[in-house]
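Just so you know, we're using the working numbering here: the sequence shown kicks off at 29 and counts up by one.
All residues carry an ideal CB built from backbone N, CA and C; glycine is no exception.
Because the structure is a prediction, the values reported are computed rather than measured.
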Amino acid sequence: MHKMIELMYPFNGLEPYYSEETLRIHYEKLYKGYVDNYNRIQTKLENARKNNEYDNIKCLEKDLSFQGSGVILHELFFNNINIPIPSSPSDELMERIIKDFGSFENFKKQFAEAAKVVEASGWCLLVWANNFNKLEVLQCEKHQNLTLWGCIQLLVIDMWEHSYFLQYKSNRQEYINAWWNIVNWNIVNKRYDTLKKCKKIVS
Ligand SMILES: [Fe+2]
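As structure tokens, then:
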């Protein structure tokens, strides 16, 4: 069961920038709701595996993504803020920000502009795009888009039609059955070994 993180500051510690009432509701009601729902889904998934009952799997996976990503982003958000004492990017991070955005002001402007126009409910994030070896600003609608932020990929199957239709037509099950025979577990193992050696990044 996932446990709620503890706040590193009192509920009134972010005043006047973030009110005690707002923080209390955000942490005690909304964030708690995501953690409770995430744990509830884990129990349902455990039951599904135990009973070999996957009729509801699409709904469960969607809910896992939504609630789990809600947990991850809220924990990042609450740990990202603190009592109003001055702090700034480290020399190393600042250097990277300047390299990738041109200046710290450019980054702040892009971040704020992107945050301002997030459609409906969502987030704005500064991220490290590992594959492109650079910092990026990203918007996020809802919490997820069917992923869990911070996950490291181990194994992937392409479920776009271009990956199977020519051979398997619309028979996805047959494609998946066949695909298991060509999985390279050596690579999966290597990825898993590598990530185990990495220290958990401070969330
Ligand atoms: Fe929130």
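Item	Value
Residue interval of the beta strand (DSSP E) (run including residue 34)	Segment: none, residue 34 is in no beta strand (DSSP E) and carries neither H nor E.
Identified DSSP bridge partners for residue 164	155
Under 7 Å between C-beta atoms of residue 66 and residue 99	yes
Where residue 96 falls, given that 16 or more other Cβ within 10 Å makes a residue buried	buried
Distance CB(residue 51)-CB(residue 39) smaller than 7 Å	yes
Burial state of residue 192 (16 or more Cβ within 10 Å)	buried
Segment limits, alpha helix (DSSP H) that includes residue 102	85–108
Residue(s) in a DSSP beta bridge with residue 169	150
C-beta contact flag for residue 128 and residue 162 at 7 Å	yes
Close-in-space but distant-in-sequence residues of the same chain around residue 151 (CB under 6 Å, 5 per side omitted)	101 and 168
Run of the alpha helix (DSSP H) containing residue 221, from where it starts to where it stops	213–225
N- and C-terminal bounds of the alpha helix (DSSP H) containing residue 139	132–144
Sequence-distant residues of the same chain with beta carbon closer than 7 Å to residue 135, five excluded per side	125 and 129
Cβ pair residue 185, residue 207 closer than 7 Å	yes
For residue 122, the three-state DSSP class (helix, strand or coil)	helix
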